[in-house]
Amino acid sequence: MFNVIPAIDILDGNVVRLSQGDYNRVDHYHETPSEWAKKFAAHGAQRLHIVDLNGAKDKQLTNLDAIKSIRQSVSCEIELGGGIRSLESAQLLIDLGINYLVLGSLLTEDTPLAMQIIETFPGQIIAGLDIKNGNLAIEGWRSESNTPITTMIDALNDRPISAIISTDVERDGMLTGPNIEQLLCLAADSTHPIIASGGVHSIDDILALKNCESKGISGVIVGKAILSGTLDISTLF
Numbered sequence: 001m002f003n004v005i006p007a008i009d010i011l012d013g014n015v016v017r018l019s020q021g022d023y024n025r026v027d028h029y030h031e032t033p034s035e036w037a038k039k040f041a042a043h044g045a046q047r048l049h050i051v052d053l054n055g056a057k058d059k060q061l062t063n064l065d066a067i068k069s070i071r072q073s074v075s076c077e078i079e080l081g082g083g084i085r086s087l088e089s090a091q092l093l094i095d096l097g098i099n100y101l102v103l104g105s106l107l108t109e110d111t112p113l114a115m116q117i118i119e120t121f122p123g124q125i126i127a128g129l130d131i132k133n134g135n136l137a138i139e140g141w142r143s144e145s146n147t148p149i150t151t152m153i154d155a156l157n158d159r160p161i162s163a164i165i166s167t168d169v170e171r172d173g174m175l176t177g178p179n180i181e182q183l184l185c186l187a188a189d190s191t192h193p194i195i196a197s198g199g200v201h202s203i204d205d206i207l208a209l210k211n212c213e214s215k216g217i218s219g220v221i222v223g224k225a226i227l228s229g230t231l232d233i234s235t236l237f
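In terms of my numbering, the sequence shown opens at residue 1 and continues consecutively.
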């Protein structure tokens, strides 16, 4: 089933959205992370996408209080990324009741450790592949690696991950529409379902992605379009 997944990005304990992953271009939102989580769940969201932006930047879990509060506030599934840099931090989040862990930069910075985490928690790891100029963006999108996206897709094809989140960094937070052509290319190369992220701004964008479900696109993450009111939350789930 195609899944629309609301995003909650947390910076210093607050809900924010970055434009193109730039920590200097931040939109702030008044409700707390758990208040947003409850709002999404009340409207029928089956899963939430949580990002610890401090964790992604500082390479360690930072917003644990907010994460715990979200988990205690809702019963829907939670996928979480940002700051997962050790087997211990992964275990901590699983013990807190987080359903899926998103590994991003670790896949290129310490591939053996990333693969160890994947094998330790089969089916509970999502690969977060953030794409910029055809390569993987790392360190909270502040750097661009030399690893082509196709190389990483190949490396993950025989690993027991749940899915791949493909984020187009240049479109994220810009409300310019998803890069469907790029997503379909990734889906064709991957043995895992692809979750789209970046650029979604209208219900037409979501329907266009949903029409690609048979080609391997299993869901879409929506952030700024909901928080800014561009998308009506009551129509999404």
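Quick reminder that beta carbons are idealized off the backbone N, C-alpha and C, glycines included.
Return the bridge partner residues of residue i from the DSSP annotation.
| i | result |
| --- | --- |
| L93 | In DSSP, L93 forms no bridge with anything. |
| G219 | N3 and I195 |
| K102 | The question names Lys, yet the displayed sequence has Val at residue 102. V102 pairs with G81 and I126. |
| S166 | L129 and A196 |
| R47 | E77 |
| H28 | V16 |
| L136 | I131 |
| L11 | N14 |
| P148 | N135 |
| D22 | S19 |
Residues in the same chain with beta-carbon distance under 6 Å from residue i, minus the five sequence neighbours each way, listed in chain order, please.
| i | result |
| --- | --- |
| A66 | I10, G13 and P33 |
| G140 | Legend: pLDDT at G140 = 49, less than 50; position of this residue unreliable, no value from coordinates given. |
| K39 | none |
| R159 | I118 |
| Y23 | none |
| S214 | none |
In chain order, what residues of the same chain have a beta carbon less than 7 Å from the beta carbon of residue i, not counting five sequence neighbours either side?
| i | result |
| --- | --- |
| D205 | G177 and P178 |
| P148 | G134 and N135 |
| I161 | I118, I125, I126, A127 and H192 |
| R25 | L18 and S19 |
May I have the straight-line CA-CA distance separating residue i from residue j, to the nearest angstrom?
| i | j | result |
| --- | --- | --- |
| I165 | R85 | 18 Å |
| M152 | S69 | 34 Å |
| H49 | G219 | 12 Å |
| G97 | L207 | 31 Å |
| G44 | L209 | 19 Å |
| A137 | T108 | 10 Å |
| F121 | L103 | 12 Å |
| D52 | V74 | 18 Å |
| L129 | C76 | 24 Å |
| T150 | N157 | 11 Å |
| C212 | D154 | 21 Å |
| M115 | A225 | 33 Å |
| I180 | A188 | 12 Å |
| S202 | D232 | 9 Å |
| H30 | E88 | 32 Å |
| N54 | L92 | 17 Å |
| L186 | H28 | 32 Å |
| S2 | S234 | For clarity, residue 2 is Phe in the given sequence; the question names Ser instead. Roughly 17 Å between the two C-alpha positions. |
| E35 | R47 | 15 Å |
| G229 | K59 | 32 Å |
| A42 | G21 | 28 Å |
Between residue i and residue j, which are expected to be in contact by the criterion C-beta below 8 Å, what is the C-beta distance as a whole number of angstroms?
| i | j | result |
| --- | --- | --- |
| E79 | N63 | That pair is no contact at about 15 Å. |
| A37 | I8 | 6 Å |
| R17 | L227 | 6 Å |
| L61 | G83 | 4 Å |
Ignore the nearest five residues each way along the sequence and tell me which others in residue i's own chain have a CB closer than 8 Å to its CB.
| i | result |
| --- | --- |
| L183 | S166, I194, A196, L209, C212 and I217 |
| S190 | I153, L156, N157, I164 and G216 |
| I94 | L101, F121 and Q124 |
| R71 | I78, L96, G97 and I98 |
| T111 | A155 |
| V222 | V4, I5, P6, A7, V200, I206, L231 and L236 |
| L106 | I84, R85, L113, A114 and I117 |
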